[in-house]
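Asks:
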Amino acid sequence: MESDVILFGLTVAEFEEISLKVCFGGLILYMLFIIGNLAKESKAGKYGTVWMFAALGLGFVGFIAKGLIARLLGIE
């Protein structure tokens, strides 16, 4: 159906999937920058910086792992 095409020849579902991956990827990169800046300004040192990235970055690691597991199992 012609009315399903909304932007650049993409359907709503295709547009949502692409924008989720692109925008969330950008958000992850921005969060990594914030964590690095926080570690630098707090003078956490190497060991403290590693723990800050591990603890604060664990949330988006789960999101990335979910996508990889779905792709490996063919659920996507």
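In the numbering used here, the protein residues as written are 12 to 87.
Even glycine gets a Cβ: it sits at the ideal position worked out from N, Cα and C.
Is the distance from the Cβ of Val71 to the Cβ of Ile39 below 8 Å?
Replies: Here residue 71 corresponds to residue number 60 of the sequence shown, with the count starting at 1. Here residue 39 corresponds to residue number 28 of the sequence shown, with the count starting at 1. Reading off the sequence, residue 71 comes out as Phe, not Val. Against a cut-off of 8 Å, the Cβ pair of Ile39 and Phe71 comes out as a contact.
Asks: Which one or two residues does DSSP pair with Val72 in a beta bridge?
Replies: On the sequence shown, residue 72 is found 61 positions in, with the first residue counted as 1. The partner list for Val72 (beta bridge, DSSP) is empty, contrary to what the question assumes.
Asks: Measuring only the C-alpha atoms, how far is Cys34 from Met63?
Replies: The count along the sequence shown starts at 1 and reaches residue 34 at position 23. The count along the sequence shown starts at 1 and reaches residue 63 at position 52. Approximately 23 Å, taken between the alpha carbons.
Asks: My output table needs one value for Ile86: the three-state DSSP class, helix, strand or coil.
Replies: Within the sequence shown, residue 86 is the residue found at index 75, counting from 1. Three-state result, Ile86: coil.
Asks: So Ile86 and Gly68 are supposed to be a Cβ contact under 8 Å. How far apart are they, rounded?
Replies: Position 75 of the sequence shown holds residue 86. Position 57 of the sequence shown holds residue 68. Actually they do not touch by this definition, with Cβ atoms about 25 Å apart.
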